Amino acid sequence: MIRRFRTLPLRSRLALLVAVAVAFAVAAVSVTCWFIVQGKLYAELDDDLQSSVVVLEQRQLDSIVGSCGQEPSDTDSIGPRSGSYGQLVRSDGTVCLLPFASAAVGVTHQDKKVARDPDPNSATVRNGTDSNGDRVRVLTTAVTVKTPLGRGVAKDYAYVAAVPLDSTRSTLNELALFLLLVSGIGAFGAGAAGLAVARAGLRPVDKLTAAVEHVARTEDLTVRIPVEDDSEDEIARLSRSFNSMTSSLASSRDLQQQLIADAGHELRTPLTSLRTNIELLTRSEETGRPIPEADRKALLASVKAQMTELAALIGDLQELSRPDTGQHAGRTQIVAWQDVVASALRRARLRGPELTITADVQPWYVRAEPSALERAVVNVLDNAVKFSPDGGTVDVRLADGVLTVRDRGPGIPAEELPHVFDRFWRSPSARALPGSGLGLSIVARTVQQAGGEVTLAPAGDGDGGTVATVRLPGAPVPPPEPDAADGDD
Numbered sequence: 001m002i003r004r005f006r007t008l009p010l011r012s013r014l015a016l017l018v019a020v021a022v023a024f025a026v027a028a029v030s031v032t033c034w035f036i037v038q039g040k041l042y043a044e045l046d047d048d049l050q051s052s053v054v055v056l057e058q059r060q061l062d063s064i065v066g067s068c069g070q071e072p073s074d075t076d077s078i079g080p081r082s083g084s085y086g087q088l089v090r091s092d093g094t095v096c097l098l099p100f101a102s103a104a105v106g107v108t109h110q111d112k113k114v115a116r117d118p119d120p121n122s123a124t125v126r127n128g129t130d131s132n133g134d135r136v137r138v139l140t141t142a143v144t145v146k147t148p149l150g151r152g153v154a155k156d157y158a159y160v161a162a163v164p165l166d167s168t169r170s171t172l173n174e175l176a177l178f179l180l181l182v183s184g185i186g187a188f189g190a191g192a193a194g195l196a197v198a199r200a201g202l203r204p205v206d207k208l209t210a211a212v213e214h215v216a217r218t219e220d221l222t223v224r225i226p227v228e229d230d231s232e233d234e235i236a237r238l239s240r241s242f243n244s245m246t247s248s249l250a251s252s253r254d255l256q257q258q259l260i261a262d263a264g265h266e267l268r269t270p271l272t273s274l275r276t277n278i279e280l281l282t283r284s285e286e287t288g289r290p291i292p293e294a295d296r297k298a299l300l301a302s303v304k305a306q307m308t309e310l311a312a313l314i315g316d317l318q319e320l321s322r323p324d325t326g327q328h329a330g331r332t333q334i335v336a337w338q339d340v341v342a343s344a345l346r347r348a349r350l351r352g353p354e355l356t357i358t359a360d361v362q363p364w365y366v367r368a369e370p371s372a373l374e375r376a377v378v379n380v381l382d383n384a385v386k387f388s389p390d391g392g393t394v395d396v397r398l399a400d401g402v403l404t405v406r407d408r409g410p411g412i413p414a415e416e417l418p419h420v421f422d423r424f425w426r427s428p429s430a431r432a433l434p435g436s437g438l439g440l441s442i443v444a445r446t447v448q449q450a451g452g453e454v455t456l457a458p459a460g461d462g463d464g465g466t467v468a469t470v471r472l473p474g475a476p477v478p479p480p481e482p483d484a485a486d487g488d489d
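This is the structure we're talking about:
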């Protein structure tokens, strides 16, 4: 049953649960109502029975006792005929009908007990049957006798009064049927209302389901679910999350496609040049017409440079293919940034021996991935070396966690500054120079992952050139390392 319930659609389960809950509530109310009405009706019957109890005179008691077993006589009536029952019960169970009684009421052990030990202040009430098999409400109490000396209690007798239960039971049966009908209608109405509410409440979920199915079927990530701006319920939050997810996926796919397109464009040029040079060398070997030694060396040098450029480009692509969610937790460590800058300076001086590179490096320790941080610093210095004129000067300074690299090159136009950190972007004036356009993208990515920021701006001292600024959080001294001796104490 539970397994079958779980296979039902969500709206059907909601409607069924609402119907069951309402049916249970209505049934509980109906049962409670029925018992309350039954108690009220029986209380009224008990009051009628209490008021029907008569006070016998001694002569009437003697007459009734003397006529036990005889047909009742209307001439010796004690009171008006009210359609109720009346009789005296001896302690041995003998029944003496009152003159107005038309049938006897079945005697119980409780009636005999009241007869043996009569108490004028106590009475018992029960349901019973008369001699004709009809249901009656019975009251048993002590016999009150009026004598010349006052009132007393007749010993060895109990007074039993009763009223028919036919009308009361008929009323209760009709009430039960009515409450059952109302409960059924209520449960059915609750099920219908629950289904309507479930359909209205799950309509946004249906839209979300249709959108997800559409995306899975067509891979169309432009689908958006309309959401009211002031709505803060769970469905609205789910819809906003779905819209944000599809927007992020669409942006990621666009960036991926752009990366593939740009990488293909950048790879095509060195591959074409490399293929041309290799074909020239191959044709020379096949035709037996040797290429002049100087030209051959130039071709081989060109092939070597293009292969180096391809290797650098592939390395840059691998670096950019790493997740953007942050540096690998196992690779980050405390790094002496001044040592990284010093190593990058040595490489920069080898690449630009004709340049003057000044350095003012002060200690600063950061948390980063050593290899990635060194690659970023090398890229910044390479840009400064590449765009500096022969005999120019590059100033490098590291102080208080700020690395500045200032060159005296042509500078970057103001309209191009917003694009310098984009992947594969290259200034039109620098397209003839070697490079893939990924260096500054890698710098920005590494610095951001380390919690810092990088900027490029024109030098403002009138000598031209560009100033690259890298800021990283850290401290001028390394953090204390755990003392291994502490663990031996």
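So the sequence shown is numbered by full-length UniProt numbering: it starts at 1 and just counts up by one.
From the three backbone atoms N, C-alpha and C, an ideal C-beta is built for every residue, glycine too.
Keep in mind that this is a model prediction, so the values were computed, not measured.
1. Look at the alpha carbon of Ser284 and the alpha carbon of Leu310, and state the distance between them as a whole number of angstroms.
2. Kindly list the residues whose CB is nearer than 6 Å to the CB of Ala372, restricted to its own chain and excluding five residues on each side of it in sequence; keep chain order.
3. From the DSSP output, read off the bridge partner residues of Arg135.
4. Which value, in whole angstroms, describes the spacing of the CA atoms of Val385 and Ser441?
5. Please report the distance separating the alpha-carbon of Ile61 from that of Leu175.
6. Quick check: what's the CA-CA separation for Glu57 versus Gly86?
7. Pull up the distance between the alpha-carbon of Tyr42 and that of Phe35, whole angstroms please.
8. State the start and end residues of the unbroken alpha helix (DSSP H) segment that holds Val380.
9. Specify, as a first and last residue, the run of the alpha helix (DSSP H) that Asp166 falls within.
10. Look at the Cβ atom of Arg406, then the Cβ atom of Val467, and state whether they are nearer than 8 Å.
11. Roughly how many angstroms lie between the CA atoms of Gly201 and Ser239, to the nearest whole one?
12. Going by DSSP in three states, Glu219 sits in which element: helix, strand or coil?
13. Which stretch, first to last residue, makes up the beta strand (DSSP E) that contains Ile357?
14. With respect to the beta strand (DSSP E) encompassing Leu10, which residues constitute its N-terminal and C-terminal limits?
15. Within this structure, are the beta carbons of Ala15 and Ala187 separated by less than 8 Å?
16. Could you tell me the distance, in whole angstroms, from the CA atom of Ser102 to the CA atom of Gly150?
17. Anyone know if the C-beta pair for Thr144 and Val114 falls short of 8 Å?
18. So what does DSSP say about Gly66, is it helix, strand or coil?
19. Where DSSP assigns a beta bridge to Thr140, which residues make up the other side?
20. Considering just the uninterrupted stretch of the alpha helix (DSSP H) at Leu350, what are its terminal residues?
21. Suppose you measure from the CA of Ala142 to the CA of Leu177; what does that come to, to the nearest Å?
22. Figure out for me which residue from Pro476, Val160, Asp463 and Val138 has the closest Cα to the Cα of Val394.
23. CA-CA distance, Pro9 and His419?
24. In terms of alpha-carbon separation, which member of Ser248, Ile412 and Gln338 lies closest to Ala359?
25. Go ahead and label Val470 buried or exposed: buried means 16 or more other beta carbons lie within 10 angstroms of its beta carbon, across all protein chains shown.
26. Can you tell me which of the three DSSP states Pro270 falls into?
27. Determine the closest residue to Asp206 out of Arg11, Thr218 and Val361, with distance taken between C-alpha atoms.
28. Ala216 CB to nearest chain C CB: under 8 Å?
Looking at the coordinates:
1. 25 Å
2. Thr446
3. Thr129
4. 18 Å
5. First, the amino acid is wrong: residue 61 is Leu here, not Ile. When rounded, the distance between both Cα atoms is 42 Å.
6. 16 Å
7. 10 Å
8. Pro370 to Phe387
9. Asp166 to Gly201
10. yes
11. 14 Å
12. coil
13. Thr356 to Val361
14. Looking at the DSSP string, Leu10 is not in any beta strand (DSSP E); the run it does join, the alpha helix (DSSP H), is Leu10 to Ser52.
15. no
16. 31 Å
17. no
18. helix
19. Thr124 and Val160
20. Trp337 to Arg351
21. 39 Å
22. Asp463
23. 52 Å
24. Gln338
25. buried
26. helix
27. Arg11
28. The chain inventory of the structure shown lacks chain C, comprising one protein chain alone.
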